[in-house]
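Colleague:
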Amino acid sequence: MRISDILGMAFKNLMRRKIRTLLTLTGVLIGTTSIAVMMSIGVGMDRAFESQFSRMGSLHTITVTGYYYSDGGSDYYYSVSGGTGNQKRLDDKAVRDFEQIEGVEAVMPQLRAYLKFVSGRYVAGVNVVGVDPSKMRIFGFEVSEGRLLNEDDKGAIVFGSQVPYHFYNPKAVGRNRVFIIGGKNSEDPPVNVFEDRLIMTFDYFYGESHANQQGSIRRKTYKVQGVGILKESGEYNYSAFINIDYLKKLMQENEKEEKRIAASLAAGNEGSVGYYNASYSSNRLSSQNPTYETVLVKVADVNKVEEVENKIKEMGFGAYSLADARNKMKKTMAVVQAILGAIGAISLLVASLGITNTMYMSIYERTKEIGIFKVLGCYLKDIRGMFLLEAALIGFFGGTIGIGFSYAISAIINAIAAGAVPNMEGASISVIPLWLALAALAVAVLVGLLAGYFPSKRAMRLSALDAIRNE
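If you use full-length UniProt numbering, the sequence shown corresponds to residues 1 to 471, in order.
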């Protein structure tokens, strides 16, 4: 028999028993819809987490710290400023060693200092990070206004998106004292960092109402200029960035100034308040061999981040990346998707029993037809193929309609979620990518074939004479 003949007979037999075929097909439809929708929720959650990680920072970046300790089962990290364990110096030599690791694209050391910014009557304490201007684009720095740092910049500052909103008037009272807490609102920031005059100093009390209590002690101030504001980013919103070489110079000057003030206080020339202000800053920098708080390492291939991170740990440094959390989340999501898929697969399993029952009933009703095929010399493989094709068609049509229902249900779920969770920012709870739709359809067809296998084997084993005699 030709394939077209087998296909035509399969369609004819399915249409001959419309109600039974429709009920069996409905079972496959429900099973396919269940497995597709369940899996789509897992895919949607996975993509939502990926989106959150991308907003938090780059998956290609490793943050290196000075302390690392492992007890064989757990890893512990320590900051440069304290902790236990063996400290490794994050100096220029370490930076050069990181650059030699295979797969590393770029390395950027960071210096940090907590400095006071003053503009007119407004002040703000800001975490200032010294970076290499030539590496900023490589590490994903992007501005919403202005520009990034240039290599020849001295007093230029690039602010995080939230910093301009954290200037406040220390002499104001009540609600007007702090302009905003926790981020932006509909108003403009109190200071225009591009146009207003900005002063930066290590003196934490500069510009405060009680600053005059410090007597004759005066800390050096530096005139700076805002040149850019970064785009919204989970890791850079509340920091300001400056040329690392310029910050080194300022920190060395501040260290000398603190020594001078300490000597003056020791001689009894100033009061205790001045001593508190002088010792408030804990920034220290060796001009011969500076130690960095953190070093960022950019890996070209995201799949090699873990390998490079392990090499850095073997060197005795602490290292962590978003890829660590991402990998753990991937494992968790794989388990979640497997559970959701198994729940949906139960419905498809029930549907397979319906297909098997339909095929067996079809054999009993078509015993004479099968006997005639055998008497006429029809190949056994053609008889088997006819029943398998009927089962596969039930799986195919049920799966196809089920995929259509899945997309509709997915859209309804996302619409309800968008109304219930207004801050989803375009994320979808249920996502059915093309590969999932095709996989669900393939599973439906495969289930149909498996469900029709044993009935087709029974049809092949029927005796032609017994089949005709029974009729």
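Backbone N, C-alpha and C define an ideal beta-carbon position, used for all residues, glycine too. Remember, predicted model here, so these are calculated numbers, not experimental data.
Put R89 into one of helix, strand or coil per three-state DSSP.
Modeller: Taking the sequence shown and counting its residues from 1, one reaches residue 89 at position 89. R89 sits in coil when the DSSP states are folded into three classes, being neither helix nor strand.
Colleague: Taking C-beta to C-beta, are V224 and I244 nearer than 9 Å?
Modeller: In the sequence shown, residue 224 corresponds to position 224, counting from 1. In the sequence shown, residue 244 corresponds to position 244, counting from 1. In this structure, I244 does not lie closer than 9 Å to V224 by Cβ.
Colleague: Who are the near neighbours of Y206 in its chain, counting only those whose CB is closer than 8 Å to its CB and skipping five residues on each side?
Modeller: In the sequence shown, the residue the question calls residue 206 occupies position 206. Answer for Y206: K116, V118, V123, I199, R219 and T221, listed in chain order.
Colleague: Would you report the Cα separation of V335 and V431, rounded to the nearest angstrom?
Modeller: The residue labelled residue 335 in the question sits at position 335 within the sequence shown. The residue labelled residue 431 in the question sits at position 431 within the sequence shown. So the alpha carbons of these two residues sit roughly 17 Å apart.
Colleague: Quick check: the Cα distance between Y236 and S161, rounded to an integer number of angstroms?
Modeller: Working through the sequence shown from its first residue, we reach residue 236 at position 236. Working through the sequence shown from its first residue, we reach residue 161 at position 161. Looking at the two C-alpha atoms, the distance is approximately 8 Å.
Colleague: Give me the Cα-Cα distance between Y453 and A319, rounded to the nearest whole angstrom.
Modeller: Indexing the sequence shown from 1 puts residue 453 at position 453. Indexing the sequence shown from 1 puts residue 319 at position 319. Distance between the alpha carbons of Y453 and A319 is about 55 Å.
Colleague: Helix, strand or coil, according to DSSP, for F11 in the structure here?
Modeller: Against the sequence shown, residue 11 aligns to sequence position 11. The answer is helix: DSSP assigns F11 an H, G or I state.
Colleague: Tell me whether the beta-carbon of V129 lies closer than 9 Å to the beta-carbon of V308.
Modeller: In the sequence shown, the residue the question calls residue 129 occupies position 129. In the sequence shown, the residue the question calls residue 308 occupies position 308. Contact: no.
Colleague: According to the neighbour-count rule (16 or more other Cβ atoms, all chains shown, within 10 Å of its Cβ), is E314 buried or exposed?
Modeller: Residue mapping note: residue 314 aligns to position 314 of the sequence shown, counting from 1. Exposed.
Colleague: Grouping DSSP H, G and I as helix and E and B as strand, with all else coil, what is P164?
Modeller: Working through the sequence shown from its first residue, we reach residue 164 at position 164. Of the three classes helix, strand and coil, the one that applies to P164 here is helix, per DSSP.
Colleague: State the Cα-Cα distance for the pair R137 and T400, rounded to the nearest angstrom.
Modeller: Stepping through the sequence shown from its first residue, residue 137 is reached at position 137. Stepping through the sequence shown from its first residue, residue 400 is reached at position 400. One C-alpha to the other measures close to 47 Å.
Colleague: Whole angstroms are fine: how far does the CA of E306 sit from the CA of I101?
Modeller: For this step, residue 101 is matched to residue 101 along the sequence shown. For this step, residue 306 is matched to residue 306 along the sequence shown. One C-alpha to the other measures close to 13 Å.
Colleague: Buried or exposed: G8, going by 16 or more other Cβ atoms within 10 Å of its Cβ?
Modeller: Residue numbering aside, residue 8 sits at position 8 when the sequence shown is read from its first letter. G8 comes out exposed.
Colleague: Comparing C-alpha positions only, which one of G402, I416 and I383 sits nearest to R458?
Modeller: Here residue 458 corresponds to residue number 458 of the sequence shown, with the count starting at 1. Out of G402, I416 and I383, I383 has the C-alpha closest to the C-alpha of R458.
Colleague: Can you give me the Cβ contacts of K135 inside the same chain, cut-off strictly under 7 Å, excluding the 5 residues immediately before and after it?
Modeller: Translated into positions along the sequence shown, residue 135 becomes position 135. Once the five neighbours on either side are set aside, the close Cβ partners of K135 are A106 and M108.
Colleague: Less than 6 Å between C-beta atoms, sequence neighbours within five positions excluded: which residues of the same chain meet that for F405?
Modeller: One-based indexing of the sequence shown puts residue 405 at position 405. T33, listed in sequence order.
Colleague: Three-state secondary structure (DSSP) at I432?
Modeller: Taking the sequence shown and counting its residues from 1, the one referred to as residue 432 is at position 432. Looking at I432 - three-state DSSP - the assignment turns out to be coil, as it is neither helix nor strand.
Colleague: Span of the alpha helix (DSSP H) holding Q252?
Modeller: Here residue 252 is taken as the residue at index 252 of the sequence shown, counted from 1. Segment I244 to A266, the alpha helix (DSSP H) holding Q252.
Colleague: Per DSSP, Y320 forms a beta bridge with which residues?
Modeller: Taking the first residue of the sequence shown as position 1, residue 320 is located at position 320. Its beta-bridge partners are T63.
Colleague: Verify whether the separation of the beta carbon atoms of F49 and M333 is less than 9 Å.
Modeller: On the sequence shown, position 49 is the one that residue 49 refers to. On the sequence shown, position 333 is the one that residue 333 refers to. The answer is yes: Cβ separation under 9 Å.
Colleague: Between Y204 and V299, what straight-line distance do the alpha-carbon atoms span, to the nearest angstrom?
Modeller: Within the sequence shown, the letter at position 204 stands for residue 204. Within the sequence shown, the letter at position 299 stands for residue 299. So the two alpha carbons sit approximately 38 Å from each other.
Colleague: For the beta strand (DSSP E) that V191 lies in, which residues bound it at each end?
Modeller: Within the sequence shown, the letter at position 191 stands for residue 191. Premise fails: V191 is in no beta strand (DSSP E) and is neither H nor E.
Colleague: Might you give, ordered along the chain, the residues of its own chain that have their beta carbon closer than 8 Å to the beta carbon of L59, omitting 5 neighbours on each side?
Modeller: In the sequence shown, counting from the first residue as 1, residue 59 sits at position 59. Answer for L59: F53, V302, V305, S321, L322, A323 and R326, listed in chain order.
Colleague: Taking only the alpha-carbon atoms, compute the straight-line gap between V37 and V350 and give it to the nearest angstrom.
Modeller: Residue numbering aside, residue 37 sits at position 37 when the sequence shown is read from its first letter. Residue numbering aside, residue 350 sits at position 350 when the sequence shown is read from its first letter. So the two alpha carbons sit approximately 17 Å from each other.
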